[in-house]
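Everything below concerns the one structure shown next.
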Amino acid sequence: MKQFATGGSVRKKSAGVLGGLAWAVAAACLLPMVAVALAAVTGGTDTVAHLLGTVLPRYTATTLALVVLVAAGTLSLGVGAAWLVTMTRFPGARFFEVALVLPLAFQAYVLAYAYTFILDHPGIVQATLRQVTGWGPRDYWFPEIRSLGGAAAMLVLVLYPYVYLLARTAFLQQSSAAFLAARTLGHSSWSAFWRVSLPTARPLIAAGVLLAVMETIADYGTVAYFSVQTFATGIYTSWFSMADRAAAAQLALCLLGFALLLAVVERVQRGRAKYHQAGKAHIALPPAQLSGWRALCALLLCAVPVTFGFLLPVVVLVTMGLGSEQNLLSRRYVGFITNSLTLAGTAAVVTVLAAIAVGFYQRLRPGLSSGLAGYVARLGYAVPGGVIAVGLMVPFAAFDNALDAWMRARFDYSTGLLVTGSIWLLVGAYMVRFLAAALGAYEGGQSMVHGNMDAAARSLGHGPARTLMRVHLPILTPSLLTALLIVFVDVMKELPATLIMRPFNYDTLAVQAFRLASDERLEGAAVPSLVIMAVGLLPVILICRQVGKKR
């Protein structure tokens, strides 16, 4: 009896420690949002009035217009491509199942550099047009790439794969019973798609569109390079150019409110999603064989996003990189690569460890407390990197300044900035931003660990810690490696938080690419952009393999 009592007390103690770790992670994710709200409220009414009378209406209109354009574009491209490669067969369909995901390896600001290089006034396209026609610069009209429409196009090309992946998953899960019933009632294939297949897939499609929208409002590199004034650019301008932290916090609060509203909408629609299949067994709908002009149209429709979202940018960036003076083997570039790998690797490990703490606590102690901790930990993915950066810099800068003032007054010694501008604060921002992605991968693998395994481990005298180490983690190794890779690549591509929070003279590949592009040195910006893209291909290949297994 004494042995069992001791074992029970050990399990309670381990659960308490794990709960403390999980709530510490949740508190770290909540801190930036609370800090932004407090800084905005205490910023004074003068700043608010100035923002309302000057930039806030413009930021709001531009951000909303960008969101609408990206939502419409990703919806059309993603759903159309998913339906074609899943429900029809045409020459190249198997190739496009994978190729349509490849643009996900790019960040929108990388595509912006490539298309500016070829479509801007001195670019290849307009220069060739003037040479062939003999026109002068003011003799013709050409669409302006550095515009709201140009930024929306770049974002659509890299974000539609979110909608494509989720829509294709929904179509693969659908049974043929309802679709065939609609056909027997006299509906054409097109009508059955609109009345049966599309409504059934609506929850997953909506989740994909909302994910693309949240990435849109978080984007800084594209809109800043194209001089499109959104909340993201306003935060950075207020913080650095104007040195107005109150304005930056109040703009961040507006963006935070919009992002959290989208997160709530996504959660509500996902929570109500129900899939009711007719019949006892799932019967996949056989793909329709296309031929003639229909097959040609399907091939062209799938080729357009792949060509303009991946193939053409790769060719342009390689051409630009070969003509640049950037040397990846130089000491300076080795420093950029080392910094990027160090930040990405450290952040990936810290984020996955935090995901394990939160995810295992939810399994060990299911209930309101663990569920709330998991929900709070996921909020960071809906918060743009610039908001997280402001939310962490404000309280820690105040702490550093207060500590420095106290040390000067008491010991005549300056501590400087101990936390602000450190690598660890930046790693913390990455953890808050990407913890939801790591949690998703971890919980997906955790679903394979049957509850009887936990019971068997307890019967053998294992506490929570030994159960995690000897039972869960060996089974979860593939999921944990996937989570590590996803967070690693996301950190490599993250720009707003890195720009605001990086230590002095500590630049990454993303920062170097943005700096060169801002100086109109597009050929040079192609080199770090290509490295980031090459690293981004790794999780894309993993995603393609996982989705392909559903066929």
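Everything in the sequence shown is counted per this note's numbering, starting at 154 for the first residue and increasing by one. Ideal placement from N, C-alpha and C gives every residue a C-beta, glycine not left out. Just so we're clear, the structure is a prediction, and the values are computed from it rather than from any experiment.
Of all the options V238, T269, L257, which has the alpha carbon lying nearest to the alpha carbon of F248? Closest option to F248, Cα to Cα, is V238.
So does the segment 170-178 actually touch the segment 505-517, counting three or more Cβ pairs closer than 8 Å? These segments touch.
For N492, count neighbouring Cβ atoms within 10 angstroms of its own Cβ and tell me buried if that reaches 16, exposed if not. By the 10 Å Cβ count, N492 comes out buried.
Rounding to the nearest angstrom, what Cα-Cα distance links L310 and A261 in this structure? Answer to the nearest angstrom: the Cα atoms are 8 Å apart.
Starting from the N-terminal side, write out each stretch of the beta strand (DSSP E) that is 3 residues or longer and does not extend beyond the segment 169-225. Note on the segment 169-225: there is no whole beta strand (DSSP E) run with a minimum of 3 residues.
What three-state label does DSSP hand R242 in the structure shown? Of the three classes helix, strand and coil, the one that applies to R242 here is strand, per DSSP.
Could you tell me whether the Cβ atoms of A663 and G539 are closer together than 8 Å? Their beta carbons are not under 8 Å apart, which means A663 does not touch G539 by this criterion.
In three-state DSSP terms, what is Q403? Helix.
For L413, tell me which candidate among V684, V366, A636, R283 has the shortest Cα-Cα distance. Of the candidates V684, V366, A636, R283, the one whose C-alpha sits nearest the C-alpha of L413 is V366.
Pull up the DSSP beta-bridge partners for Q479, would you. BP columns for Q479 are empty, so no partner.
Cα separation between D273 and L470? The straight-line gap from Cα to Cα measures roughly 15 Å.
Can you tell me where the alpha helix (DSSP H) with M645 in it begins and where it stops? 626-646 is the span of the alpha helix (DSSP H), which, as asked, contains M645.
Rounded C-alpha distance that separates L255 from L690: Roughly 7 Å between the two C-alpha positions.
Counting C-beta neighbours from all protein chains within 10 Å, is the total for Q442 16 or more, i.e. buried, or is it exposed? Q442 counts as exposed, since fewer than 16 other beta carbons sit within 10 angstroms of its beta carbon.
Decide yes or no for the touch test of the segment 573-580 against the segment 540-557: beta carbon pairs closer than 8 Å, at least 3 of them. Result yes; three or more Cβ-Cβ pairs closer than 8 Å.
Taking Cβ positions, are T241 and P440 nearer each other than 8 Å? For the 8 Å CB-CB criterion, T241 and P440 form a contact.
Since P692 and V624 are thought to touch, with beta carbons under 8 Å apart, how far apart are those beta carbons, to the nearest angstrom? Contact check for P692 and V624: beta-carbon distance about 27 Å, past the 8 Å limit, so the pair fails to qualify.
Report the residue from A636, Y566, R619, L404 whose alpha carbon sits nearest the alpha carbon of V208. Nearest option by C-alpha distance: L404.
Can you look up Y428 in the DSSP assignment and give me helix, strand or coil? Residue placement at Y428 cannot be trusted, given a pLDDT of 47 that sits under 50; the coordinates are not used to answer.
In the DSSP assignment, the alpha helix (DSSP H) including W446 goes from what residue to what residue? Element bounds for W446: 445-459.
Rounded C-alpha distance that separates V572 from W288: When only Cα atoms are considered, V572 and W288 end up about 58 Å apart.
Assigned secondary structure, Q382 (DSSP; H/G/I helix, E/B strand, else coil): Three-state DSSP puts Q382 in coil, outside helix and strand.
Could you check whether the segment 677-687 touches the segment 654-668, counting it as contact only if at least three pairs of C-beta atoms, one from each stretch, sit closer than 8 Å? With the cut-off at 8 Å, the segment 677-687 and the segment 654-668 touch.
Which of helix, strand or coil does DSSP assign to Q260? Reduced to three states, the DSSP call for Q260 is coil.
Can you list, in chain order, the residues of its chain whose CB lies under 8 Å from that of Y659, leaving out five sequence neighbours each side? Around Y659, the same chain offers N492, I576 as residues with beta carbons nearer than 8 Å, after the five sequence neighbours per side are excluded.
Find out if the Cβ-Cβ distance for the pair Y534, A589 is shorter than 8 Å. Yes, the Cβ-Cβ distance between Y534 and A589 is below 8 Å.
Cutoff 6 Å; reference A550; Cβ partners in own chain excluding five residues on either side: Within its own chain, the residues whose Cβ lies closer than 6 Å to the Cβ of A550, once the five positions on either side in sequence are excluded, are T573, listed in chain order.
So G284 and F295 are supposed to be a Cβ contact under 8 Å. How far apart are they, rounded? The question names Gly, but residue 284 in the sequence shown is Gln. Contact doesn't hold; Cβ gap of about 14 Å is too wide.
Which two residues bound the contiguous alpha helix (DSSP H) that contains V487? V487 -> alpha helix (DSSP H) spans 484-517.
Using 8 Å as the Cβ pair cut-off and three pairs as the minimum, do the segment 556-572 and the segment 621-640 touch? Of all C-beta pairs linking the segment 556-572 to the segment 621-640, fewer than three are shorter than 8 Å, placing the two stretches out of contact.
Hey, Y313 and G226: beta-carbon distance below 8 Å or not? Yes; because the gap between Cβ atoms is below 8 Å, this pair is in contact.
Taking Cβ positions, are L308 and A360 nearer each other than 8 Å? No, these two residues do not count as a Cβ contact at 8 Å.
Considering only their Cβ atoms, is the gap separating G524 from E596 smaller than 8 Å? Not in contact: E596 and G524 (Cβ atoms no closer than 8 Å).
Contact check, A500 vs V644 under 8 Å by CB: the rounded distance? That belief holds up - the Cβ atoms of A500 and V644 are roughly 5 Å apart, short of 8 Å.
Roughly how many angstroms lie between the CA atoms of T495 and G206, to the nearest whole one? Those two C-alpha atoms are separated by around 43 Å.
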